[in-house]
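Okay, so here's the structure we're looking at.
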Amino acid sequence: MSDVVTGQLRDAVRTIQALRARVAALQAEHNPPVAVVGMACRFAGAADPAALWQVLANGIDTVRPTPPDRWDNAAWFSADPDAPGRIAFREAAFIDDIDGFDNALFGIAAREAAGMDPQHRLLLELVWSALEDAALRPDGLSGSATGVFLGMNGGDHMLATLGAPDRLGTHALAGAVGSIGAGRIAYALGFTGPAMVVDTACSSSLVAVHLAVQALRRGECSMALAGGVHLMLAPNVSVALSRARMMAPDGRCKAFDTAADGFGQGEGGGMVVLKRLPDALAAGDRVLAVIAGSALNQDGRSAGITAPNQRAQEAVMRAALADAGLTQDAVDAIEAHGTGTVLGDPLELHALASVFRGRTRPLTVGSVKTNIGHTAAAAGVAGLIKAVLMLRAQAAPPVVHFRAMNPHVTLDGVPVEVPTALMPRALGCVGVSSFGFSGTNAHVVVQRAPAEILPLRERENVLGCHLILMRMGPSPTTPP
C-alpha cells in the first residue's frame, strides 16, 4: 500500500473519529444525563434515606400487624381469600404518625390541613426534606421553573370524603382530588414548572421520574422534584386484593424464592431532586448519582389485563439502555420489580436472562419490597433511592426471605446472584424496573457519580478499584 493511500486512510479515520465525537457532543447537549442532587423518603422503619440504608444493609423485615387506627384486624381478617368483605392477611409494612403535619410551615390553615389527604401532607414534607438534602432553601425557590412529577393512586381519603356529601366543607374537594397533590406543592413553594400526578398503578413513581427527566432535557423546567406516595387508610383495597388472590398470606414479598406466594403491602413515600448534570456541576451541587437513561412502554395484549408481558419488559430495559448509550455489559445490578408473585417473578427473571444473555460476570438482582413491602405508587421511587444508596455504599444488600430460587425460573446460564447478606460490590451502573398492573412499564438506568465530583473518600475508592483492575485485569466479580 502506497504512502499516499495510507495517508488518505489515516485522514479518513481521523475524520470519522471527529464526526463521532461531534455526534456524541450533540447527543450530550440535547440528551444530557440527569443528576440526583437530593433525596428524601419515609417508609416502614425508615424516616430518611440513611435509615432506609440501615434497614436494607441489615436485612430488616419491617412488616408488622395492622395498627388499630387503620382497621380492626380481628373484624376484617379471614384466612379464606374468597370470604366476602374480608382481608386474607393480618400484616403489612405500615408507617407511624401519618396525622403529624406542620401546617404552619407551608402556610396552610389548621382547618384546611385537617381536610387534606394525608398523602398530600406527606408529599409536602418529603419535598421540603429533599430540597434541604440538596442544600436548597425550600422557601427560596418561589418563581423558579421547578417541575413537580408525582405518582399517586391511593383513593381512600377521596372515597371517604366525597362519599359523605352532607359533611363536605369548603376545602373538601382540594383536599381529596389526587391532582392537587402536585398543584399544592407548586402553589406552596411558588414553582412555575410543570406539575402533574400520574397513575399507572405500581409503576407510577418511576414513570414520574421518567417524565421529569424528559422535561429537564427538553428545557421545560430547570429543576424537578419526582416521587410518589402510598398510604393504606382503609381496608377496601386490601379486600379487593385478597379476592383477586394477589396477596401473600403472611403479608411479605418473598421475591424470587421458591416460597413466593403473592405480595405484601407497604406504605410511605419517596422524593428525589433532579437537575441536568451540567447545571448541577455549574451550581456546585453534590451529585448523589446520575440518571443516564430511562424508558416507558406498555404490555399491550398480554395474557390478561393485569398480567405481565415478558417481551415488553425486555423491550423497556433495552430502550432505557439505548437512551443511556450503554450496552448490557455496563450494568452491574438490577433493582427488580420483584413482588414475589407466582407469575411475575419467573417472567421478570426470564426477561432479565434474555436481555443479559452472554454475560460472564454476575448480575446482582434485588428487591426493596422484601424489606418494606410493595408500596404501590411509591414502589418505583423506593427502588430508585435504593439504587442510589447502593452506588454510594458500593454494596448490595440482602434480599430478605430469599432461600432458594423459584423452581419455575430458567436463567439460561446468565449468572444472576441474589444476595443473602450484605455484599461489597464495585457498582458503576444499576438498572431499576417498575411494572404496573395497568400494563405500563418503566426502567431507569442509574450510574455512579463521576469520580471527579465524588467526595474524597469515594473518589479514592474508585481510583483504588481502577488500580486493581490495571494490575490484575478484569475478573468475574468486578465491573470493567
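Numbering (my numbering) for the sequence shown: 196 to 675.
In this text, a Cβ means the ideal position worked out from N, Cα and C, and glycines have one as well.
What residue from the options has the CA that sits closest to residue i's CA?
i	options	result
Asn566	Val250, Met234, Leu469 and Ile500	Val250
Val432	Ser374, Ala355, Ile486 and Gly488	Ala355
Ile282	Ala410, Ala390 and Arg440	Arg440
Asp445	Phe451, Ala455 and Arg438	Ala455
Ala421	Leu406, Gly568 and Ser374	Leu406
Glu612	Asp480, Gly464, Val434 and Ala599	Ala599
Gly495	Pro279, Asn601, Phe289 and Asn636	Asn636
Asp394	Val372, Ala288 and Arg413	Val372
Gln314	Gly535, Met466 and His532	Met466
Gly295	Phe289, Asn492, Ala309 and Ala288	Ala309
Thr559	Ala207, Leu586 and Val424	Leu586
Phe630	Ala528, Thr555, Glu286 and Asn492	Asn492
Asp275	Leu436, Gly533, Pro645 and Ile486	Leu436
Gly459	Gly533, Gly388 and Pro473	Gly533
Val641	Gly578, Val604 and Phe632	Gly578
Val550	Ala242, Arg447, Glu509 and Ala403	Glu509
His633	Ala396, Ala525 and Phe272	Position check: residue 633 holds Ser in this sequence, whereas His was assumed. It is Ala396.
Val627	Ala616, Gly561 and Pro614	Gly561
Ala573	Ser324, Met347 and Asn268	Met347
Glu415	Ala443, Ala477 and Gly388	Gly388
Ala507	Ala487, Ala478, Asp480 and Gly539	Gly539
Val404	His352, Ser324, Ala487 and Met353	Ala487
Val322	Val526, Ala616, Arg413 and Ala377	Ala377
Val604	Phe451, Leu476 and Leu617	Phe451
Glu320	Lys470, Arg209, Asn298 and Phe272	Asn298
How would you call residue i, buried or exposed, if buried means at least 16 neighbouring beta carbons within 10 angstroms?
i	result
Ala502	exposed
Ala517	exposed
Ser398	buried
Pro228	buried
Pro592	buried
Ala498	exposed
Thr522	exposed
Gly668	Since pLDDT at Gly668 reaches only 32, below the 50 mark, its modelled position is unreliable, and the value read off the structure follows with that caveat. Exposed, because fewer than 16 other Cβ atoms sit within 10 Å of the Cβ of Gly668.
Ala204	Position check: residue 204 holds Leu in this sequence, whereas Ala was assumed. The residue in question, Leu204, is exposed, as its Cβ has fewer than 16 Cβ neighbours within 10 Å.
Arg316	buried
Gly553	exposed
Gly608	exposed
Thr677	The requested residue 677 does not occur in the structure, where the chain is confined to residues 196 to 675.
Ala197	According to the sequence shown, residue 197 is Ser rather than Ala. Per the 10 Å Cβ criterion, exposed.
Ala390	buried
Leu300	exposed
Asp206	exposed
Ala305	exposed
Arg413	exposed
Gly349	buried
Gly335	exposed
Might you give, ordered along the chain, the residues of its own chain that have their beta carbon closer than 7 Å to the beta carbon of residue i, omitting 5 neighbours on each side?
i	result
Gln505	Leu542, His545 and Ala546
Trp248	Leu584 and Ala588
Lys581	Leu251, Glu530 and Val563
Pro619	Gln589 and Ala590
Ala644	Val482, Leu483, Ala484 and Val485
Ala683	Residue numbering for the chain in the displayed model covers 196 to 675; residue 683 lies beyond these limits and cannot be assessed.
Leu617	Ala252, Ala590, Pro592 and Pro593
Pro602	Thr453
What does a CB cutoff of less than 6 Å around residue i pick up in its chain, not counting 5 residues either side in sequence?
i	result
Ala490	Val511, Ala514, Ala515, Asp518 and His638
Cys660	Residue placement at Cys660 is flagged as unreliable, the pLDDT there being 38, under the threshold of 50; the coordinate-derived value follows with that caveat. Closer than 6 Å at the Cβ level, and outside the excluded window around Cys660, lie Ala621.
Gly338	Gly385
Leu606	Ala548
Leu221	At Leu221, the pLDDT of 48 sits below 50, so the modelled position is not reliable and the matter cannot be decided from this model.
Ala688	Outside the displayed span of the chain (196 to 675) sits residue 688, for which this structure offers no information.
Ala525	Cys624
Within 7 Å of any Cβ in chain B, is that where the Cβ of residue i sits?
i	result
Leu247	Annotation note: the requested chain B is absent from the structure, which comprises a single protein chain.
Assuming residue i and residue j form a contact by the criterion Cβ under 8 Å, report the distance between their Cβ atoms to the nearest whole angstrom.
i	j	result
Val576	Leu401	7 Å
Leu426	Ile303	Contact doesn't hold; Cβ gap of about 18 Å is too wide.
Phe284	Thr570	That belief does not hold up - the Cβ atoms of Phe284 and Thr570 are roughly 16 Å apart, past 8 Å.
Cys236	Gly463	7 Å
Val232	Val468	5 Å
Ala287	Gly423	About 17 Å; that fails the 8 Å criterion.
Leu318	Ile380	6 Å
Phe289	Pro262	6 Å
His352	Asp291	So it is not a contact: roughly 18 Å between Cβ atoms.
So, for residue i: in the same chain, excluding its five sequence neighbours on each side, which residues have a beta-carbon less than 8 Å away from its beta-carbon?
i	result
Ile255	Gly240, Gln249, Asn566 and Val595
Val218	Confidence at Val218 is low in this model, with a pLDDT of 46, below 50, so the placement of that residue should be treated as unreliable; the coordinate-derived value is given next. Excluding sequence neighbours, Val218 sits near nothing in its chain.
Thr201	none
Arg332	Leu326
Contained beta strand (DSSP E) runs [length at least 3] in the stretch 213 to 285, N- to C-terminal order: Those beta strand (DSSP E) runs which fall completely within the stretch 213 to 285 and span 3+ residues are 229 to 238.
At what residue ranges does the stretch 343 to 424 contain a whole run of the beta strand (DSSP E), taking only runs of 3 or more? Here the runs fully enclosed are 390 to 393.
4-residue-minimum alpha helix (DSSP H) runs that sit fully inside the stretch 433 to 494, ordered along the chain: Listed in chain order, the alpha helix (DSSP H) elements of length 4 or more contained wholly in the stretch 433 to 494 are 472 to 478.
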